[in-house]
Amino acid sequence: MDIYKITLLRHGESVGNAEGYYQGQYDFPLTPRGKNQVRRVVARWQADGSIFDQVIASPLKRAKETAEMVAEGLNVPLQFDPDWMERDNGKLGGMKREDADEQFPRPDFFTPYDNIAETGEGDFALYLRAGRAIQSILQMPPARYLVVSHGGILNQALHVILGITPQANGQGTHFRFRNTAFSTLFYEPDHHNWVFWGLNDFTHLVVKNVEIIEE
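Numbering-wise (the numbering used here), the sequence shown opens with residue 61 and increments by one.
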């Protein structure tokens with residue numbers, strides 16, 4: 061039976077993460093700590109013999125740098141797909157969180173169809189793009205795919221797989237992705253059967269139950 065193995069990896073810590081910016085599609089690079097996080101996940105996969113046939117990544121710097129380090133470390137071909145870019149969060153992109161929250165306060169009520177910060181993608185638009193990104197993988201031959209992307213779009217990808225549509229006010233199910241945490245899924249196309257093998261796995265960043273924070 062032909063089976064897809066899809067691993068969803070969030071990028072390492074970025075300058076935007078560390079300095080409190082809204083990122084979206086604003087192009088922040090990795091921090092030194094973020095690069096170290098990537099080295100740790102690569103070392104983990106090298107040690108446990110993990111094999112990927114293809115890396116598919118967002119072209120934004122923080123994901124691109126992560127994907128390049130992983131692809132080089134594991135000797136895997138790399139391709140970029142803009143459908144895996146983070147949510148376009150409109151005018152919030154590149155703004156400090158405190159400034160953005162003052163200038164664009166969260167409305168008391170919003171639907172999944174409303175734009176974010178006037179011009180950005182709403183939840184339903186992001187959901188549709190995530191569905192397209194998943195479909196693009198499933199139109200390729202069954203193999204072991206590693207997707208390197210961002211927390212927002214990865215959340216919506218899991219929602220698509222589970223059939224969970226966006227809700228008003230951003231309510232409902234949310235999936236945590238720490239920097240360089242990954243989730244592993246298997247898909248059996250003959251039965252349309254998804255199996256979740258792991259979620260938000262960041263044990264490569266933990267020693268004796270304490271998360272490593274040094275650069």
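Even for Gly, the Cβ is constructed at its ideal location relative to N, Cα and C.
Open item on the list: Comparing C-alpha positions only, which one of 192, 173 and 178 sits nearest to residue 163?
Closed with: Numbered from its first residue, the sequence shown carries residue 163 at position 103. Among 192, 173 and 178, the Cα nearest to that of residue 163 belongs to 178.
Task: Nearest-angstrom Cα separation, counted from residue 202 out to residue 112 - done: Counting from 1 along the sequence shown, the entry for residue 112 is found at position 52. Counting from 1 along the sequence shown, the entry for residue 202 is found at position 142. Cα to Cα, residue 112 sits roughly 12 Å from residue 202.
Task: Reduced DSSP secondary structure (H/G/I, E/B, other) of residue 260 - done: Counted from its first residue, the sequence shown places residue 260 at position 200. Residue state, collapsed to three classes: strand.
- [ ] Give every residue of the same chain whose Cβ lies closer than 8 Å to the Cβ of residue 90, excluding the five residues on either side of it in the sequence, and list them in chain order.
- [x] Indexing the sequence shown from 1 puts residue 90 at position 30. Only 71, 72, 73, 74, 75, 98, 121, 122, 125 and 126 meet the Cβ criterion.
- [ ] Out of 137, 103, 150 and 214, state which residue places its alpha-carbon closest to the alpha-carbon of residue 242.
- [x] The residue labelled residue 242 in the question sits at position 182 within the sequence shown. The shortest Cα separation from residue 242 among 137, 103, 150 and 214 belongs to 214.
Task: Cβ-Cβ separation, residue 263 to residue 228 (assumed contact under 8 Å), whole Å - done: Translated into positions along the sequence shown, residue 228 becomes position 168. Translated into positions along the sequence shown, residue 263 becomes position 203. That belief does not hold up - the Cβ atoms of residue 228 and residue 263 are roughly 35 Å apart, past 8 Å.
Task: Short Cβ contact (8 Å threshold) for residue 245 with residue 221 - done: Here residue 245 corresponds to residue number 185 of the sequence shown, with the count starting at 1. Here residue 221 corresponds to residue number 161 of the sequence shown, with the count starting at 1. Yes, these two residues count as a Cβ contact at 8 Å.
Open item on the list: Rounding to the nearest angstrom, what Cα-Cα distance links residue 255 and residue 66 in this structure?
Closed with: On the sequence shown, position 195 is the one that residue 255 refers to. On the sequence shown, position 6 is the one that residue 66 refers to. Distance between the alpha carbons of residue 255 and residue 66: 10 Å.
Task: Close-in-space but distant-in-sequence residues of the same chain around residue 160 (CB under 6 Å, 5 per side omitted) - done: In the sequence shown, counting from the first residue as 1, residue 160 sits at position 100. Here the set comprises 82 and 152.
- [ ] Just confirm the distance between the C-beta atoms of residue 186 and residue 212, as a whole number of angstroms; I'd bet it's less than 8 Å.
- [x] By 1-based counting over the sequence shown, the position of residue 186 is 126. By 1-based counting over the sequence shown, the position of residue 212 is 152. About 7 Å; that satisfies the 8 Å criterion.
Open item on the list: For a test of the three-state rule: what should DSSP assign to residue 227, helix, strand or coil?
Closed with: In the sequence shown, residue 227 corresponds to position 167, counting from 1. The answer is coil: DSSP assigns residue 227 none of H, G, I, E or B.
Task: For residue 110, the three-state DSSP class (helix, strand or coil) - done: Residue mapping note: residue 110 aligns to position 50 of the sequence shown, counting from 1. DSSP places residue 110 in coil when its eight states are reduced to three.
Open item on the list: Rounded to whole angstroms, what is the Cα-Cα separation between residue 237 and residue 174?
Closed with: Within the sequence shown, numbered from 1, the residue matching residue 237 stands at position 177. Within the sequence shown, numbered from 1, the residue matching residue 174 stands at position 114. Roughly 24 Å between the two C-alpha positions.
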